[in-house]
Amino acid sequence: MSEVPVHFVPTDRPPDRPARMVDDFTPALIDVGEHHLCPGCGEPIAMRSLVEVIEELDVVQRTIAVFGIGCYTAYSNNLDVEVCQALHGRAPSVATGIKRAKPRTVVVTVQGDGDMVNEGLQEVLHTAARGESVTAVLLNNGVFGETGGHMTASTVLGQRTKNTLEGRDAVQHGRPILLSDLVARLDGAAFVARGTVSSAGDVARTKRLLARAVQTQLDGRGFSLVEILTMCPTGWFIETEEAPAYLDDNLAAVHAGGVLKDW
Ligand SMILES: Cc1ncc(C[n+]2csc(CCOP(=O)(O)OP(=O)(O)O)c2C)c(N)n1
Ligand code: SF4
Ligand SMILES: [Mg+2]
Numbered sequence: 002m003s004e005v006p007v008h009f010v011p012t013d014r015p016p017d018r019p020a021r022m023v024d025d026f027t028p029a030l031i032d033v034g035e036h037h038l039c040p041g042c043g044e045p046i047a048m049r050s051l052v053e054v055i056e057e058l059d060v061v062q063r064t065i066a067v068f069g070i071g072c073y074t075a076y077s078n079n080l081d082v083e084v085c086q087a088l089h090g091r092a093p094s095v096a097t098g099i100k101r102a103k104p105r106t107v108v109v110t111v112q113g114d115g116d117m118v119n120e121g122l123q124e125v126l127h128t129a130a131r132g133e134s135v136t137a138v139l140l141n142n143g144v145f146g147e148t149g150g151h152m153t154a155s156t157v158l159g160q161r162t163k164n165t166l167e168g169r170d171a172v173q174h175g176r177p178i179l180l181s182d183l184v185a186r187l188d189g190a191a192f193v194a195r196g197t198v199s200s201a202g203d204v205a206r207t208k209r210l211l212a213r214a215v216q217t218q219l220d221g222r223g224f225s226l227v228e229i230l231t232m233c234p235t236g237w238f239i240e241t242e243e244a245p246a247y248l249d250d251n252l253a254a255v256h257a258g259g260v261l262k263d264w
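Each residue of the sequence shown is one higher than the one before, starting from 2 at the first, in the working numbering.
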């Protein structure tokens, strides 16, 4: 028998503290109504961390989120922050306009890899190069998720997608663009980092990166970017529970995590 004392919870009276419902842990800025993203999708986890940061930095009333087009766009209806919808890939330019017109506004873009790295690559590069004081969030799952799981510019070599059934091949399909590494080379970019949401520890670390990025904007230091690798079991054509390990072994092995730049 173990010598460790056991403390039984008394059951002859109500508990001293009231029970905490799961809903008590939901950030105030998330509307818990139904949403249309798949089970096991990493995008809501990333967006939850983002709104928690906005709340903790006490900038809810002056934040505008500019959304691109992808699965995450539907989830913007569940966020209790001001949202502006941009055309595919154009969120950084819309964000630039909002920030220049209303400089006290905290402006955050939310884009996918198809949106930012394919459709609107020049937008994010020019916005970063100009050193616009906005924060860009890239949700990178390596596929055009919403339209069925096709290859994007960030798909890693060997990754199976709807139009690379044998895996992405360097000769036939080209090599992936590592967006954050590219942006970090631009002088106007002040803070660039990459995280994941494939484990509880990574969610906590990525949230701290988001806080540093928004703080960069509040300090007026220039452009900030946080790339977040997110699970997409549907677009990867794998079982939901296999997605976090698939992310670690494939996407994160190429799109390496960490702070790439902090000026
Ligand atoms: C100009 C234009 N081209 C294509 C589309 C179709 N489209 C809608 S969502 C989407 C995929 C977006 O992929 P991504 O940004 O990676 O987001 P995810 O769905 O993976 O989260 C595409 C191609 C569109 N709406 N507008
Ligand atoms: S297709 Fe992928 S990115 Fe879109 S909701 Fe489903 S898991 Fe998420
Ligand atoms: Mg995507």
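Backbone N, C-alpha and C define an ideal beta-carbon position, used for all residues, glycine too.
None of these values were measured; they are calculated from a predicted model.
Could you tell me which of the options sits nearest to residue i, measuring between CA atoms?
i      : options                        : result
Leu140 : Lys163, Leu180, Ala130, Lys103 : Leu180
His89  : Thr106, Thr110, Leu80          : Thr110
Asp249 : Ser225, Leu183, Asn142, Leu211 : Asn142
Gly258 : Asn251, Thr197, Ile31, Gln216  : Thr197
Leu261 : Lys163, Leu183, Gln112         : Leu183
Gly146 : Gln112, His127, Asp188, Leu126 : Gln112
Val118 : Lys163, Leu80, Thr148, Gly69   : Gly69
Arg105 : Gly221, His127, Ala185         : Gly221
Glu167 : Trp237, Val125, Leu126         : Trp237
Val54  : Ala246, Ala212, Val255         : Ala212
Suppose contacts are defined by Cβ-Cβ distances below 8 Å. Is residue i in contact with residue j by that definition?
i      : j      : result
Val227 : Val138 : yes
Gly115 : Thr153 : yes
Pro177 : Ser155 : yes
Val95  : Ala87  : yes
Val135 : Arg63  : no
Ala191 : Trp264 : yes
Val144 : Cys233 : yes
Ile229 : Thr207 : yes
Ala92  : Phe224 : no
Leu80  : Val61  : no
Ile99  : Ile65  : yes
Gly41  : Ala244 : yes
Thr235 : Gly150 : yes
Leu126 : Leu187 : yes
Gly189 : Gly132 : yes
Ala29  : Glu56  : yes
Counting C-beta neighbours from all protein chains within 10 Å, is the total for residue i 16 or more, i.e. buried, or is it exposed?
i      : result
Gln218 : buried
Pro11  : exposed
Met22  : exposed
His8   : exposed
Gln123 : exposed
Arg49  : buried
Thr231 : buried
Phe26  : exposed
Val82  : buried
Val5   : exposed
Asn164 : exposed
Asn251 : buried
Val33  : exposed
Leu214 : Position check: residue 214 holds Ala in this sequence, whereas Leu was assumed. Under this definition Ala214 is a buried residue.
Val37  : Residue identity check: residue 37 is His in the sequence provided, not Val. By the 10 Å Cβ count, His37 comes out exposed.
Ala185 : buried
- Task: Output the residue ranges of the alpha helix (DSSP H) runs that lie fully inside the stretch 220 to 254 and measure 4 residues or longer, sorted by chain position.
- Result: Entirely contained in the stretch 220 to 254, the alpha helix (DSSP H) runs reaching 4 residues are, in chain order, 234 to 237, 244 to 247.
- Between the stretch 163 to 172 and the stretch 68 to 78, do at least 3 Cβ pairs fall closer than 8 Å? no
- Segment contact, 8 Å Cβ cut-off, at least three pairs: the stretch 197 to 209 with the stretch 156 to 167: no
- Between the stretch 12 to 22 and the stretch 44 to 52, are three or more C-beta pairs nearer than 8 Å? no
- Just list the alpha helix (DSSP H) runs in the stretch 90 to 122, keeping only unbroken ones of 4 residues or longer that don't cross its boundaries, in chain order. Counting only unbroken stretches of 4 or more residues, the alpha helix (DSSP H) elements lying wholly within the stretch 90 to 122 are 92 to 102, in sequence order.
- Which runs of the alpha helix (DSSP H), 4 residues or longer, sit entirely within the stretch 124 to 179? 171 to 174
- Curious, which full-length beta strand (DSSP E) runs of at least 3 residues does the stretch 23 to 84 contain? For the stretch 23 to 84, whole beta strand (DSSP E) runs of length 3 or above, ordered along the chain, are 64 to 68.
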